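Here the structure comes first, spelled out in structure tokens, and everything after it is commentary.
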Amino acid sequence: MSRGLLTVGFVLASLLSAALHVALNSPISPLPLSLPSSKFCSNNLLQGVIKLGEGKLVGPEDVLVGPDGVLFTATRDGWIKRIQPDGSVEDWRFIGGPAVLGITASRDGDLLACDAHKGLLKVGDGGVNVLATRVDDDGSVIRFADEAVEASDGSVYFTDASSKFGLSDWLLDVLEAKPHGRLLKYDPVTKHTSVVLSDLAFANGVTLSPDEDFLIVCETWRYTPEILARRIKPLHMEINMR
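In mature numbering (1 follows the signal peptide of the UniProt record, and there is no 0), the protein residues as written are -25 to -1, 1 to 217.
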């Protein structure tokens, strides 16, 4: 056998060995990810924005506008920052860690925060309190708390972006392209956390309609909103719409 054929055989065997190693040891089992074409026209509107807190905010993830015009934002250095109308930036509450993501207002004047590592938090003058770290129905860990919204009855709806991959492995969720996300509900009376909707493709932002007759959840990897038409009052009626 010629040296050239031996070389080719060695290269092919090496490639096959590497492929088998990746296939057998890969942390993901991916599905094809189809990227839809955009329905919107490109624009340059963001080129005219006013930049607030430039150089003073580390990876701000979310922003909340207070009734007095004060802004709050969660940053990757573990702080919830407060930005005054004059543009000055203050350290408001320290959560710790790099995983503070979504924040929203609570009826009692405090803030609700989603920490991808710590779960659902209540943040206010009394400090930081952990509301939920697990789903009570099945005991599963809230692996990637992302965004929350509070209903008028005090119930908190929040997203668990991925029940399989945490914040540090979010790219694996993209590559796998499987729906591991969930919409959860925290009941402030019973302290019970339950699953409202599962099989979401990286459940991200969530909001309630003004009349609280439906919820909208953004599914990042599907590039679509999941509309959950749910009667908050009464609670027994719900309809899922894609």
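Where is the CB? At the ideal position from N, CA and C, for every residue including glycine.
Values in this document were obtained by computation on a predicted structure and should not be read as measured data.
>> Can you list, in chain order, the residues of its chain with a C-beta nearer than 7 Å to that of ASP112? Leave out the 5 residues immediately preceding and following it.
In response: SER169 and VAL170
> Start and end of the alpha helix (DSSP H) containing ASP148?
Replying inline: 145 to 151
>> Quick check on LEU142: does DSSP put it in helix, strand or coil?
In response: helix
> So, ARG68 versus ILE58, is the Cβ gap smaller than 9 Å?
Replying inline: Not in contact: ARG68 and ILE58 (Cβ atoms no closer than 9 Å).
>> Does GLY180 come out as helix, strand or coil in the three-state DSSP assignment?
In response: strand
> Where do the ends of the beta strand (DSSP E) carrying ASP121 lie?
Replying inline: Per DSSP, ASP121 belongs to the beta strand (DSSP E) from 120 to 125.
>> I'd like the span of the beta strand (DSSP E) that includes SER173, first residue to last.
In response: 167 to 175
> Is there contact here, the region 112 to 132 with the region 78 to 98, by at least three beta-carbon pairs under 8 Å?
Replying inline: yes
> What does ALA80 pair with, by DSSP beta-bridge criteria?
Replying inline: BP columns for ALA80 point to LEU86.
> How about GLU125 and THR79: do their beta carbons lie closer than 9 Å?
Replying inline: yes
> What separation, rounded to the nearest whole angstrom, lies between the Cα atoms of LYS139 and LYS160?
Replying inline: 19 Å
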